[in-house]
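For reference, the structure is listed below as structure tokens.
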Amino acid sequence: MNWVLLWKGVLLFTLFGYSLLVIIVFFGGLKNVVAMLKDLSAPLQTPENNAK
Amino acid sequence: MDVFATNFKTVDWVIVTVYIFIPVIIGVMVRKYVRQLSDFIVAGRSLRLFIAIATLTGTELGLVTVMYNSELGFRHGFSAFHIGIIETVCILAIGITGFIVYKLRQLRVMTIPEFYEIRFGRNVRIIGGILLALGGILNMGLFLQAGARFMMGVTGYSNPAGLKLFMSAMLIMVLIYTVLGGMVSVVLNDFLQFVVLSIGMIIGSYFAIREIGWSNLFTAPETVNNASWFNPVAEGSGFGMIYVLFMVVLTFSAGALWQSGTLRALSAKTPKVAKQLYVWSSVSYLARRVIPMLWGICAFVFVSQSPKLLSSFQGPDALNSQFGMPIFIAKVLPSGFLGLIAAGMFAAFMSTHDSYLLSWSSVITQDIIAPLKKEQLSDKARLLITRISIVAIGLFLLIWGLWFEAPVSLWNYMAVTGTIYLAGAFTVVAAGLYWKKANKTGATLALFAGLLAILGIGPWTQGENVPFYLSDKFIGLMTFVIAFVGMVAGSLLFPDKNTPQARKDAYQEAAS
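Chains F and V supply the protein sequences, listed in that same order.
The opening position of the first sequence corresponds to residue 3 in our numbering, with each subsequent residue numbered one higher.
The opening position of the second sequence corresponds to residue 3 in our numbering, with each subsequent residue numbered one higher.
This is the structure in structure tokens:
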């Protein structure tokens, strides 16, 4: 088994794959943050609220 | 070349200082969003996919992760990469199959021991909670020490009293924003820290490879054995087949059940998002291993080229191998970038601490104190206990983290202390979810079996010439095997004669 070739491939895949993931997560995450804060601002689901 | 010579200048100090105040400001700002316990612990179960990936990565990629992985790269070379491959495959498998995490999210539990109660009763929950808190808090016991070593290596600042003061100040910052904002604050900070840390890691890798050279990187230094530098099962690699097997069970169980990571799956908006989270995060799990290991390898090649540096890591007064990576980056990164990398690493330090503090304090409140109280605790009381627990754990870390010296490598210490909880938890949760005959006797035996892992940091692991020598990896692997045997034997030999109908109904209702 050619270990050097394997680790070269793993290293390249990690560096490129992770860079891509960071870009995707950055833009997707910004949208998610806004949506999360909106969810948390909604009225609480208490029995009183449900009854209304 | 002076060992602690560094490019860290005033501008770098300014970058780091400004950065570490940002999380506290966020903690204060989001306090208004915490109105009930589930907001504090699982952010109201409102996490969507990308923010969940960022926060999971932010948690599982801490400064301590960077330190122990770079130490592995520094000591063992490319052969250490096998741990990253194993972990990535395990995380991907969990994501594709949804093994454990999908069902746990469906059950809407907030902690793992909460599941123990639904399936096996309150006593199992309390035992599981105690062992989880014990293993988890011990596991983070060396975070501060590793952080201090990074700080010393990068800045060249070596006054021990000043270091302790700096690390204490960092911990206090984390305590403030975690106590104030809970999971909402943790999630937002993790997102910010994910971005800063990731950019820092990618830039750092560029400078590290540029310094060493791509082809030199894949040539084993003269001071090491060529085969063991690349092959994890070659003689002299420091790993071997038992270690590889231990890593398979450890990383698979940790991937599914390490409370701080699983908390993200439990906070996900839906069970499907919980599964997707694992599939996507497999790439960041690979990066959290491979990139720091790469830095460690580059550091060793760099050190090997300088007889003075090399001699400082050899002999009876040798520097701890954790210093290799920070000393290396302090010399090859230019000022300014070094400040950014340091800020990224301190971000990592904080993002791991906040989540771990929240995880273990939630367990203390939900799984130990609340079940022990006869009357129902209000959300307000639980919030207060969680916040007090966060501060108490912080104080313990300050004391333990600054004086305890691990007898094994940092990663092996983490693996062994993690096994105290994981060996039992993995067996109990997997059997509880997928094996009808699993019962509380088996669960109790499996949980207690996990305690055997503590033998893995005993003096008998210190070399083959000590009496009763047992390697930490063998003890770790055997702990998983014994926990499994305990669960099967306990369940088959002592079947539950009369499981309360109420518990059966509660489990069926939660699972449906």
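C-beta atoms are modelled at their ideal positions from N, C-alpha and C, and glycine is treated no differently.
Just so it is clear, the structure is predicted and the values come from calculations on it, not from any experiment.
Partners in chain F for residue i, counting only beta-carbon separations shorter than 8 Å
| i | result |
| --- | --- |
| V:Ile87 | Val12 |
| V:Ile293 | Thr16, Leu17 and Tyr20 |
| V:Ser357 | Neighbours of V:Ser357 on chain F: none; closest Cβ ~16 Å, over 8 Å. |
| V:Leu51 | Gly30 and Asn34 |
| V:Phe220 | Val6, Trp9 and Lys10 |
Where residue i falls: helix, strand or coil (DSSP)
| i | result |
| --- | --- |
| V:Leu321 | coil |
| V:Ala7 | coil |
| V:Leu134 | helix |
| V:Leu49 | strand |
| V:Tyr344 | Per the sequence presented here, residue 344 of chain V reads as Ala, with Tyr not at that position. Note: V:Ala344 maps to helix in three-state DSSP. |
| V:Ala56 | helix |
| V:Ala440 | coil |
| V:Glu377 | coil |
| F:Glu50 | Interpretation of F:Glu50 is limited by its pLDDT of 46, a score under 50 that renders its predicted location unreliable; no figure is taken from the coordinates. |
Residues of its chain near residue i, where Cβ-Cβ distance is below 6 Å and the 5 sequence neighbours each way are ignored
| i | result |
| --- | --- |
| V:Lys442 | Phe122, Gly123 and Val126 |
| V:Glu119 | Arg127 |
| V:Ala54 | Arg266, Ala270 and Leu279 |
| V:Ala229 | Ala236 |
| V:Gly492 | Thr443, Gly444 and Leu447 |
| V:Val111 | Phe117 |
| F:Lys54 | Since pLDDT at F:Lys54 reaches only 36, below the 50 mark, its modelled position is unreliable, and no value is offered. |
| V:Thr59 | Phe196 and Ser286 |
| V:Gly206 | Ile343 |
Neighbouring residues, chain V, relative to residue i (Cβ below 9 Å)
| i | result |
| --- | --- |
| F:Phe18 | Within chain V, no residue comes near F:Phe18; the closest Cβ sits about 10 Å away, beyond 9 Å. |
Residue i: contacting residues in chain F (beta-carbon distance under 9 Å)
| i | result |
| --- | --- |
| V:Ser296 | Rather than Ser, the amino acid found at residue 296 of chain V in this sequence is Leu. Result: Leu13, Thr16 and Leu17. |
| V:Ile204 | Leu17, Tyr20, Ser21 and Val24 |
| V:Leu288 | Val12, Phe15, Thr16, Gly19 and Tyr20 |
Spatial neighbours of residue i in its chain, beta-carbon cut-off 8 Å, leaving aside the 5 residues before and after
| i | result |
| --- | --- |
| V:Ser323 | Glu73, Phe76, Arg77, Phe315 and Ser411 |
| V:Met175 | Ile22, Phe23, Pro25, Val26 and Met352 |
| V:Gly488 | Thr429, Gly444, Leu447, Ala448, Phe450 and Ala451 |
| V:Val198 | Tyr21, Leu342, Ala345, Gly346 and Ala349 |
| V:Ile201 | Leu342 and Gly346 |
| V:Ser18 | Looking at the sequence shown, residue 18 of chain V is not Ser but Val. Hits under 8 Å: Gly341, Ala344, Ala345 and Phe348. |
| V:Gly434 | Phe117, Tyr118, Arg121, Phe122, Ala440 and Ala445 |
| V:Phe193 | Ile53, Ala56, Thr57 and Gly60 |
Under 7 Å from the C-beta of residue i: neighbouring residues of chain F
| i | result |
| --- | --- |
| V:Val285 | Gly19, Tyr20 and Leu23 |
| V:Ala56 | Val27 and Gly31 |
| V:Met207 | The identity of residue 207 of chain V in the sequence shown is Ser, whereas the question assumes Met. Those are Leu17, listed as they occur along chain F. |
| V:Phe83 | Trp9 and Val12 |
Neighbourhood of residue i by C-beta distance below 7 Å, restricted to the same chain and skipping five residues each side
| i | result |
| --- | --- |
| V:Met416 | Tyr70 and Asn141 |
| F:Trp5 | none |
| V:Ile139 | Trp362, Ile395 and Phe398 |
| V:Gly238 | Asn227 and Ser230 |
| V:Leu374 | Ile128 |
Near the ligand SAM: residue i beta-carbon under 8 Å from a heavy atom
| i | result |
| --- | --- |
| V:Ala372 | Within the structure as shown, the ligand SAM is missing, as the structure has no ligands at all. |
Contained alpha helix (DSSP H) runs [length at least 4] in the region 205–248 of chain V, N- to C-terminal order: 216–219 and 228–232
Any C-beta of chain F within less than 8 Å: which residues of the region 233–266 of chain V qualify? Asn233
Going along the region 174–201 of chain V in order, which residues come within less than 8 Å of chain F, judged by CB to CB distance? Those residues of the region 174–201 of chain V that come within reach of chain F (Cβ to Cβ, closer than 8 Å) are Val186, Val189, Leu190, Phe193, Phe196, Val197, Ser200 and Ile201.
Taking only runs of the alpha helix (DSSP H) that begin and end inside the region 142–178 of chain V, which ones reach a length of at least 4 residues, in chain order? 145–157
The region 58–80 of chain V: which residues have C-beta closer than 7 Å to a C-beta of chain F, in chain order? Against chain F - using a Cβ distance shorter than 7 Å - the residues of the region 58–80 of chain V are Phe80.
Completely contained alpha helix (DSSP H) runs for the region 59–94 of chain V, where each covers 4 or more residues: 65–78
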